[in-house]
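K.L.:
2 is the number of the first residue of the sequence shown in our numbering; add one for each residue after it.
Here it is: the structure, laid out below.
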Amino acid sequence: MPVYLAATLIYLLFIPEQLHVRAVGLYLPPYRIFMFPATLYLLSSAVGGRLRFVWPDLLVALAAAWIWLASYMTSGEISTAMNQGGAHTLDIAFAYFLARAAIQTPRDLRLFLVLVAPGIALMSLFVVQEAVTHTRVLQRVAADITGSPYRLRDDIRLGLMRGTGPFPHPILAGIFLSSFLPIYLASGLRGWPRTLGIAASFGGFFSMSSAALLGLLMGGLLWCYDWLTEKISNVTWSIFLFASGILFTTVEMTSNSGFYGLMIRYASLNTTSAYNRVLIWNYGTENIAQHPWFGLGYADWVRPSWMHSGSFDHFWLIMALRFGIPASMLLIGATVAGIILLAIKSSTYRKQDARLMRGLAISLAVFALGAVSVSLWLSVLVWFFVLVGISVSLGVNLKREIPRTAIRRVVSSREAPGQTEENRLLPPRRR
2 MPVYLAATLI
12 YLLFIPEQLH
22 VRAVGLYLPP
32 YRIFMFPATL
42 YLLSSAVGGR
52 LRFVWPDLLV
62 ALAAAWIWLA
72 SYMTSGEIST
82 AMNQGGAHTL
92 DIAFAYFLAR
102 AAIQTPRDLR
112 LFLVLVAPGI
122 ALMSLFVVQE
132 AVTHTRVLQR
142 VAADITGSPY
152 RLRDDIRLGL
162 MRGTGPFPHP
172 ILAGIFLSSF
182 LPIYLASGLR
192 GWPRTLGIAA
202 SFGGFFSMSS
212 AALLGLLMGG
222 LLWCYDWLTE
232 KISNVTWSIF
242 LFASGILFTT
252 VEMTSNSGFY
262 GLMIRYASLN
272 TTSAYNRVLI
282 WNYGTENIAQ
292 HPWFGLGYAD
302 WVRPSWMHSG
312 SFDHFWLIMA
322 LRFGIPASML
332 LIGATVAGII
342 LLAIKSSTYR
352 KQDARLMRGL
362 AISLAVFALG
372 AVSVSLWLSV
382 LVWFFVLVGI
392 SVSLGVNLKR
402 EIPRTAIRRV
412 VSSREAPGQT
422 EENRLLPPRR
432 R
């Protein structure tokens, strides 16, 4: 049942914003309404021992608490703090802890991937259909039913309209779908779930977003590199990380714009949006330096008058701008912890499970890197922290299937004379 709860949450993310509920000043998407009764499951999991508190959990809990405090300090109103703090607590902390409680073994994750594959494929199909036919369907029909505003722009890039599906913005659709590619590639699933998941992830291309294209490219290349580490003994992740560190340091020291500016400039499909992101970084960091602890809240940030748009395409930076540097750093810490824990613990699992955990780490790392050019909100923000929660759960190994090293210890201690470990693990021959 816990895995079914997590899958239900993902399906609720696919409901377009025109069908979301607004009541007594509160914005309540269906997934937030679902989280209220899901709180009972979280409490029972904590009391029953299924959800055991680990140190990355503390980072997420402190980040949620800091958002409440920062919201009150910038607004001076308890109602505003409850509205902003409550929304982010549901989207970040509750999503994280629900994933922590629901998915705790590689088998749980594979079942989850099988359950959500049809929904992801259907949403991907809507994105592709919009891009090719230049016609919105899902959100336009939802707007006609409810009378809620339909605010999407029909942007055309390379002859394709930027597909959106049920998401508020094409870039969110793209980064959401592309994040599934490394996971399904490394899942170890067979048949239609793996094929459907991989095919659906390529729907991110039709969002015509540079972040989605970068996610697909980097996710695929890193999965290929992981495959090479299994085939060639001299190819290791340590070498890759060392080379990446050298490259990053060299670019930072020799380039005028730094690594971030260089990446934005050459990895963007639109030169205007690339330049705007550089400006966001420059003026955004100035605003944060003036309000480092509690940020600006939702007040307008200071920028030149000719920067008419108030959009802020940098998730980690906008969290610091709104709620202070501590909130952003705590969430970055939890994300990095999930990646590192997966990388360390994967070596103790048998090959298929270890491959799945590395695929999950690749997905989270590429997603977190893509967030430097995307502002995550609503459904995609929830999915990101579900991904962080799953990563921490599998990384801490509090409840796990029997890992490879444990099998070896048990078998070696009970090995019969003349019988090797390999023969014991093989099925008996037919007579």
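Where a beta carbon is used, it is the ideal one built from N, C-alpha and C, also for glycine.
Along the chain, where does the alpha helix (DSSP H) containing residue 28 start, and where does it finish?
P.N.:
Where residue 28 is concerned, there is no enclosing alpha helix (DSSP H), although the beta strand (DSSP E) it sits in stretches over 27-29.
K.L.:
Taking only three categories from DSSP, how would you classify residue 161?
P.N.:
Residue state, collapsed to three classes: strand.
K.L.:
With DSSP as the reference, label residue 24 as helix, strand or coil.
P.N.:
In the structure shown, residue 24 sits in a strand (DSSP, three-state: E or B).
K.L.:
Taking the straight line between their C-alpha atoms, what separation do you get for residue 383 and residue 300?
P.N.:
Between residue 383 and residue 300, the C-alpha separation is close to 23 angstroms.
K.L.:
Which of the three DSSP states is assigned to residue 354 in this structure?
P.N.:
Residue 354 falls in the helix class under three-state DSSP.
K.L.:
Using a Cβ-Cβ cutoff of less than 6 angstroms, which residues in the same chain neighbour residue 304 once the five nearest sequence positions on both sides are dropped?
P.N.:
So the qualifying residues of the chain are 284.
K.L.:
Per DSSP, what kind of secondary structure is residue 342 in: helix, strand or coil?
P.N.:
Here residue 342 sits in helix by DSSP.
K.L.:
If you draw a straight line from the alpha carbon of residue 145 to that of residue 254, how long is it in whole angstroms?
P.N.:
Approximately 54 angstroms, taken between the alpha carbons.
K.L.:
Give the C-beta separation of residue 31 and residue 44 to the nearest angstrom, bearing in mind that I take them to be a contact with Cβ-Cβ under 8 angstroms.
P.N.:
About 21 angstroms separates the two Cβ atoms, so there is no contact after all.
K.L.:
To the nearest angstrom, how far is it from the Cα of residue 19 to the Cα of residue 175?
P.N.:
Straight-line Cα distance between these residues: approximately 20 angstroms.
K.L.:
Determine the direct distance from the alpha carbon of residue 117 to that of residue 11, and round the result to whole angstroms.
P.N.:
One C-alpha to the other measures close to 7 angstroms.
K.L.:
Distance check for residue 256 and residue 106, CA to CA, integer angstroms please.
P.N.:
Each residue's Cα considered, the two are about 44 angstroms apart.
K.L.:
Specify the secondary structure class of residue 307 as computed by DSSP and reduced to three states.
P.N.:
Three-state DSSP puts residue 307 in coil, outside helix and strand.
K.L.:
Let me know the secondary structure DSSP gives residue 89 once reduced to three states.
P.N.:
Reduced to three states, the DSSP call for residue 89 is helix.
K.L.:
Going by the CB atoms, is the gap between residue 15 and residue 148 shorter than 8 angstroms?
P.N.:
No, these two residues do not count as a Cβ contact at 8 angstroms.
K.L.:
Taking just the CA atoms, how far does residue 246 sit from residue 239?
P.N.:
One C-alpha to the other measures close to 11 angstroms.
K.L.:
Considering only their Cβ atoms, is the gap separating residue 328 from residue 489 smaller than 8 angstroms?
P.N.:
Residue 489 lies beyond the range of the chain shown here (2 to 432); nothing can be said about it.
K.L.:
Given that a residue counts as buried once 16 or more other Cβ atoms are within 10 Å of its Cβ, and exposed if not, what is residue 233?
P.N.:
Classification for residue 233: exposed.
K.L.:
For residue 388, report the span of its alpha helix (DSSP H) as first-last.
P.N.:
Its alpha helix (DSSP H) spans residues 379-397.
K.L.:
Exposed or buried, what is residue 411 when buried is set at 16 or more other beta-carbons lying within 10 Å of its beta-carbon?
P.N.:
Its pLDDT being 40, under 50, residue 411 is placed unreliably in this model, and the value from its coordinates should be taken loosely. Classification of residue 411: exposed, given that the 10 Å Cβ count is below 16.
K.L.:
Inspect the CB distances between the stretch 201-212 and the stretch 364-379 and report whether three or more fall short of 8 angstroms.
P.N.:
Segments in contact, yes.
K.L.:
Roughly how many whole angstroms lie between the Cα atoms of residue 194 and residue 251?
P.N.:
Answer to the nearest angstrom: the Cα atoms are 42 angstroms apart.
K.L.:
What residues in its chain sit with their C-beta under 6 angstroms from that of residue 355, if we drop five residues either side in the sequence?
P.N.:
Once the five neighbours on either side are set aside, the close Cβ partners of residue 355 are 347.
K.L.:
How would you call residue 405, buried or exposed, if buried means at least 16 neighbouring beta carbons within 10 angstroms?
P.N.:
Only weak support exists for where residue 405 lies, its pLDDT of 49 falling under 50; the coordinates are left without a value.
K.L.:
My output table needs one value for residue 53: the three-state DSSP class, helix, strand or coil.
P.N.:
Residue 53 falls in the coil class under three-state DSSP.
K.L.:
Measure the C-alpha to C-alpha separation of residue 184 and residue 393 and round it to an integer number of angstroms.
P.N.:
Looking at the two C-alpha atoms, the distance is approximately 15 angstroms.
K.L.:
Rounded to the nearest angstrom, what separates residue 143 and residue 86 at their Cα positions?
P.N.:
Cα to Cα, residue 143 sits roughly 29 angstroms from residue 86.
K.L.:
Within the chosen definition, does the stretch 88-96 reach the stretch 360-368 through at least 3 CB pairs nearer than 8 angstroms?
P.N.:
Cβ pair count under 8 angstroms is below three, so no.
K.L.:
Measure the Cβ-Cβ separation of residue 391 and residue 173 and say whether it is below 8 angstroms.
P.N.:
Their beta carbons are not under 8 angstroms apart, which means residue 391 does not touch residue 173 by this criterion.
K.L.:
Figure out for me which residue from 140, 112 and 380 has the closest Cα to the Cα of residue 189.
P.N.:
Closest by alpha carbon: 112.
K.L.:
Would residue 133 and residue 178 qualify as a contact pair, given that the criterion is a beta-carbon distance under 8 angstroms?
P.N.:
Result no, Cβ atoms of residue 133 and residue 178 do not sit closer than 8 angstroms.
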